[in-house]
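S.K.: Sharing a structure, written as C-alpha cells. Questions coming.
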Amino acid sequence: MKLVLAEPFKSLWAGRDAFAAVEALQGQVYRELEGRRTLRTEVDGRGYFVKIHRGIGWGEIIKNLLTAKLPVLGARQEWEAIQRLTDVGVATMTAVAYGERGRNPAAQHSFIVTEELAPTTDLEQLSLNWAQQSPEPRLKWALIKEVANMVGSMHRAGVNHRDCYICHFLLHTDKPVTADDFRLSVIDLHRAQVRNQLPLRWRNKDLAALYFSVLDIGLTRRDKLRFLRGYFSVLKGPQPQPLRQTLSAERSLLVWLERKADALYVRKQRYGDAL
Numbered sequence: 109m110k111l112v113l114a115e116p117f118k119s120l121w122a123g124r125d126a127f128a129a130v131e132a133l134q135g136q137v138y139r140e141l142e143g144r145r146t147l148r149t150e151v152d153g154r155g156y157f158v159k160i161h162r163g164i165g166w167g168e169i170i171k172n173l174l175t176a177k178l179p180v181l182g183a184r185q186e187w188e189a190i191q192r193l194t195d196v197g198v199a200t201m202t203a204v205a206y207g208e209r210g211r212n213p214a215a216q217h218s219f220i221v222t223e224e225l226a227p228t229t230d231l232e233q234l235s236l237n238w239a240q241q242s243p244e245p246r247l248k249w250a251l252i253k254e255v256a257n258m259v260g261s262m263h264r265a266g267v268n269h270r271d272c273y274i275c276h277f278l279l280h281t282d283k284p285v286t287a288d289d290f291r292l293s294v295i296d297l298h299r300a301q302v303r304n305q306l307p308l309r310w311r312n313k314d315l316a317a318l319y320f321s322v323l324d325i326g327l328t329r330r331d332k333l334r335f336l337r338g339y340f341s342v343l344k345g346p347q348p349q350p351l352r353q354t355l356s357a358e359r360s361l362l363v364w365l366e367r368k369a370d371a372l373y374v375r376k377q378r379y380g381d382a383l
C-alpha cells in the first residue's frame, strides 16, 4: 500500500481509513464509470478534484490490449506524471493526496486529489472565435511559444500526455492576461506515461493530437513554424538546429502529422467526441 497525504487531507483524515474517506467525499460528479469516478469537492471553501480508480477487471484489460489500447489501471500514472513535470518546471496540477492499495492490477483501489486551478479558461474556449476574429498578435504568439515550451519540456522529460489537446492547457485568469504576463498549466494527466526517454511513436501521437486540436482556430503557416521552432529548440537542448535544418530533418514527421491530423479531423466530424 502507498499513501501520501498533504494538508488539508492529512488533518481531515487523521486516524481514518483514507480509502474509505475518499469514497465518502461529496461534490459535483464529472464522470461516473464502473471503474472510475471523478468529482469536484470543497474543503474549507477551497476546490479539489478527486479521481478514484477501483480496478477495471481482467476482461476490460484484455479487451483494451486486444484493440491496441493501453488501459488506465489506477491513479499512479497521473501521480507520477505530476511529480515528473513538477521536477522539470512544467506548470501542472498540485496533488495533495494519493493512495494505492492492492497488487492485482485488475482490482487495485487508488485515488488522487489535486487542487482546483481557478479561475481559469482552457485554450480551446479562448480560441473559439480566433478564425473569425483574430486575437491580439503578440498574445497569440506568446501563447504558442509557451505551449511549445511546455510540450517540448514534457517530452524531453520522458512524459507523453496521450490526450494532448489545447483544451488541456489552462490559462489562469486571476489577473489581466497580457502577452508579457500570463500563466498556463497542463492538466488531465490520468493517461500520461512516464519514461526515462520518450519513444518517437508516443511523441508523435501527442504532436498529432495537438495539431488536430488547432485545425479550426485560424493559425497561419508562420504560427505553425513558430511552434515548431520553440518545440524543437526545447526538445533538442541548449544547441538547437536552425529552423530550416529542423524542417528538413523532420520532413517525414511533418508530412505524417498533416495526414494524421486530417484523419482525426474526419473522424471527429463522423463520430463527434468519441475519438
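Residue numbers 109 to 383, in this note's numbering, belong to the letters of the sequence shown in order.
Glycine included, each C-beta is placed from N, C-alpha and C at the ideal position.
Being a predicted model, the structure only gives us computed values, none of them experimental.
1. Residue ranges of each beta strand (DSSP E) run of no fewer than 3 residues wholly in the segment 250-319, ordered along the chain?
2. Output the distance between the C-alpha atoms of I274 and R184, rounded to the nearest integer angstrom.
3. Taking a contact to mean a Cβ-Cβ separation below 8 Å, would you say L323 touches A369 in this structure?
4. Taking E150 as the reference, which of L120, E142 and E140 has the closest Cα?
5. According to DSSP, is V196 part of a helix, a strand, or is it coil?
6. Using a C-beta cutoff of 8 Å, does W249 count as contacting chain D?
7. Could you round the C-beta distance between Y156 and V221 to whole angstroms and report it? I think they count as a contact, below 8 Å.
8. What is the DSSP secondary structure of L147, counted as helix, strand or coil?
9. Measuring CA to CA, which of R367, F277, N268 and Q134 is closest to L225?
10. Write down the C-beta distance between N312 and W364 rounded to the nearest angstrom, noting that I regard them as a contact closer than 8 Å.
11. Starting from V322, follow the beta strand (DSSP E) in both directions and report where the run begins and ends.
12. Would you decide whether D288 is buried or exposed? Buried here means 16 or more other CB atoms lie within 10 Å of its CB.
13. Helix or strand or just coil, what does DSSP make of Q347?
14. May I ask you to report which of helix, strand or coil DSSP gives E358?
15. Work out the CA separation of R211 and V198 for me, nearest whole Å.
16. Classify E140 as helix, strand or coil using the three-state DSSP reduction.
M.R.: Per the coordinate set shown:
1. Fully enclosed beta strand (DSSP E) runs of 3 or longer: 277-280 and 292-294.
2. When rounded, the distance between both Cα atoms is 23 Å.
3. Going by C-beta atoms, L323 is nearer than 8 Å to A369.
4. The residue from L120, E142 and E140 with its alpha-carbon nearest to that of E150 is L120.
5. Three-state DSSP puts V196 in coil, outside helix and strand.
6. Judged by its chain identifiers, the structure shown contains no chain D, having just a single protein chain.
7. Their Cβ separation, rounded to whole angstroms, is 5 Å, which keeps Y156 and V221 in contact under 8 Å.
8. Strand.
9. For the options R367, F277, N268 and Q134, the alpha carbon positioned closest to that of L225 is the one of F277.
10. About 7 Å; that satisfies the 8 Å criterion.
11. Element bounds for V322: n/a, residue is neither H nor E.
12. With fewer than 16 other Cβ atoms from the protein chains shown falling within 10 Å of its own Cβ, D288 counts as exposed.
13. In the three-state DSSP reduction, Q347 falls in the coil class, being neither helix nor strand.
14. Of the three classes helix, strand and coil, the one that applies to E358 here is coil, per DSSP.
15. So the two alpha carbons sit approximately 31 Å from each other.
16. E140 falls in the strand class under three-state DSSP.
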